[in-house]
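Engineer: Using this note's numbering, read the sequence shown as starting at 96 and increasing by one per residue. Encoded as structure tokens, here's the structure I'll be asking about.
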Amino acid sequence: MKNYKLFNPLKTQKINKIHDFIKTLVDSEQQPICFYNDYSGFFSFPFRYSKNVSYCYEDGRFHNMLLLFKSDIYLTMTAFREMNNAFHWDLIEHFEKRSQVEENPIVQSYILFLLNNLSDTEDFQLGLYNKERVDSIVEKIEKLDTFYIGNVPLHHRDIPEDSFVISYETPIPDASGIIISRSKKPNSSLIISSNGYHVYYNEK
């Protein structure tokens with residue numbers, strides 16, 4: 096049995112019972128699994144060891160960032176080191192605004208990488224920035240070469256056909272799967288809850 100991949104380039108990775116549940120689906124290899132809009136990678140990145148897994152993002156910024164990590168991680172590390180040398184805590188608000196409009200994909204990816212790591216949130220919602228995390232950014236950059244996703248197909252908006260979809264907080268378009276949410280959904284079929292997250296079955 097393969098183990099979880101615990102390095103997450105965007106967040107501090109934790110494992111809970113929902114990961115254990117997902118692992119049974121991934122390791123069974125009965126059907127291709129597509130993780131949908133898990134922007135922080137909190138539920139998807141631990142399973143990058145599997146050739147049965149793909150990632151799909153509606154937000155092109157995150158799709159581009161993962162493509163950058165996948166295509167040339169060493170170029171990415173070099174660029175991130177240089178940009179991080181120019182970062183100052185007082186620029187946080189400027190960087191947050193710039194993350195929405197930056198056209199250079201490498202600069203935009205660095206900004207998303209930076210803001211996600213500085214945020215105390217577990218998902219991709221920005222804010223709650225923690226100044227004590229600044230020193231950890233350098234360490235994260237130096238570990239990026241351990242984040243291998245060479246075998247993981249990446250998709251922008253188009254979920255692969257016949258995939259079982261594992262979605263984070265997003266309705267699943269025309270596919271069966273599960274939705275992971277922090278909200279309780281009384282009219283949906285609850286499978287499991289853990290650490291403030293709830294998993295619901297979504298029928299095609």
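Beta carbons: idealized from backbone N, C-alpha and C, even for Gly.
Taking the alpha carbon of Y99 as the point to measure from, which residue in G136, P141 and L162 has its own alpha carbon closest?
Structural biologist: P141
Engineer: Does the beta-carbon distance from K304 to F137 come in below 8 Å?
Structural biologist: Any property of residue 304 remains undetermined from this structure, which presents the chain solely from 96 to 299.
Engineer: Enumerated in chain order, which unbroken segments of the alpha helix (DSSP H) with a length of 4 residues or greater are wholly contained in the segment 138-209?
Structural biologist: The alpha helix (DSSP H) runs of length 4 or more contained entirely in the segment 138-209 are, from start to end of the chain, 155-166, 168-180 and 187-196.
Engineer: DSSP state of S278, grouped into three classes?
Structural biologist: coil
Engineer: Can you round the beta-carbon distance between E153 and R252 to whole angstroms, since I take them to be within the 8 Å contact cut?
Structural biologist: 6 Å
Engineer: List the DSSP bridge partners of Y263.
Structural biologist: I275.
Engineer: State the Cα-Cα distance for the pair S231 and S166, rounded to the nearest angstrom.
Structural biologist: Between the alpha carbons of S231 and S166 lies a distance of about 24 Å.
Engineer: In the DSSP assignment, find the beta strand (DSSP E) that holds F130 and state where it starts and stops.
Structural biologist: Run containing F130: I128 to Y131, per the beta strand (DSSP E) assignment.
Engineer: Which one or two residues does DSSP pair with H293 in a beta bridge?
Structural biologist: S276 and S288
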